[in-house]
Amino acid sequence: MYRRSVDIGNLEDEVGSVEVSAGRDIRGLSRPDRSGGVVVKWLGAGVVQAGNGQLALGDSKGVANGDVVGDAGRDADAPRRPISRLTIRAAVGSEDRKGDVIDPGGWELDGYRRNPVFLWAHDRSQPPIGKSQRIWVDGGALYAELEFAPTDFAGEIARLYQRGFMRGVSVGFLPLETEIRKASNGRRGYLYRRQELLEISAVPVPMHDEALVEGVSEPGSEGLKEEGDDDVAELRAGVRRLVMAAGLLVD
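In this text, residue positions in the sequence shown follow our numbering: the first is 1, and each later residue adds one.
Structural data, given as structure tokens:
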């Protein structure tokens, strides 16, 4: 299995938005898992939209990494509700920093559609925090509409996305057809012709130092409790320590 992490591009609900510029290339890291040939890799991508109701899926088409979806015409004084859905865009057609390329036309999604889990940090031992309502390929990118589960923990994760404390989404997949290729840096890379999507995860570890919040429109977002900020920072640091201990991330 492979895991590919992605950065948020834009968060928007019915009455407001949190806008984030998406990173373009994410550092590629890989490590075989002796128990089953599992490899972990990072990938740049983005969240297109977030909201409480039915998403306008057509709005996601043609949105490139780094583009911002505007929020003109909304009532800036209207109260916000916690988001319940995200739409992610995974830009998988270009070479990553490891020199690997995933063919966006090679995604096999039937198995995932039968079990469309949205996990917390790739933890398959815990109940999912949501599910995919839709998943599809369009314009060389993989899209998914994710719905959060009606649990306290899933609601907490949704609020972290809404307030900009979390920016990462990751996908895990099983390579089915792979070729060796020469990367642009002269090293050996891989071309993944076919791959089966296994799961999508919410991840707190920052994946790119250029994924920055460009604008926040949320009444009452100022004055977050200091201890809340510390809790989020501690959570991020703890997850990073676990990932580094597993040998999946190198400083």
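Note that beta-carbon positions come from the ideal geometry of N, C-alpha and C, so glycine has one too.
The DSSP assignment places no complete run of the alpha helix (DSSP H) inside the region 123-147 (cut-off: 4 residues). In the structure shown, Arg114 falls within a helical segment according to DSSP collapsed to helix, strand and coil.
Around the C-beta of Gly105, fewer than 16 other C-beta atoms lie within 10 Å, and the residue is accordingly described as exposed. Proximity to Arg188 across Trp120, Arg85 and Lys98 peaks at Lys98, based on C-alpha coordinates. Per DSSP, Arg181 lies in no alpha helix (DSSP H); the unbroken beta strand (DSSP E) holding it starts and ends at Gly168 to Lys182.
Cβ contact annotation for Arg193 (same chain, cutoff 6 Å, sequence separation greater than five): Asp103, Gly106 and Glu177, in chain order. The beta carbon of Leu191 sits closer than 6 Å to those of Val101, Glu179 and Arg181, all from its chain and outside the five residues before and after it, given in chain order.
In the same chain as Glu108, and ignoring 5 residues on each side of it, the C-beta atoms closer than 6 Å to its own belong to Glu196, in chain order. The secondary-structure analysis by DSSP pairs Ala202 across a beta bridge with Trp120 and Val169. Taking all protein chains in view, the Cβ of Phe173 is crowded by 16 or more other Cβ atoms within 10 Å, so the residue is classified as buried. Secondary structure at Gly99: coil, using DSSP grouped into helix, strand and coil. Three or more beta-carbon pairs separated by less than 8 Å link the region 143-157 to the region 121-130, which places the two stretches in contact.
Pairing Val117 with Ser170 gives a Cβ-Cβ distance that is not under 8 Å.
Excluding residues up to 5 positions away in sequence, Met1, Tyr112, Gly172, Phe173 and Leu174 lie with their Cβ nearer than 7 Å to the Cβ of Leu198 in the same chain.
The closest CA to that of Glu147, considering only Ala141, Gly139 and Trp120, is found on Trp120.
Residue range Asp152 to Gln162 is occupied by the alpha helix (DSSP H) that includes Arg159.
A distance below 8 Å separates the beta carbons of Gly140 and Gly93.
Beta-bridge annotation (DSSP): Gly105 is not paired with any residue.
The shortest CA-to-CA distance from Asp110 to any of Arg163, Leu160, Trp136 and Met166 is the one to Trp136.
The beta carbon of Ala183 sits closer than 6 Å to the beta carbons of Gly99 and Gly189 from its chain, once the five residues preceding and following it are set aside; these are given in chain order.
Under the three-state reduction of DSSP output, Arg188 falls in the strand class.
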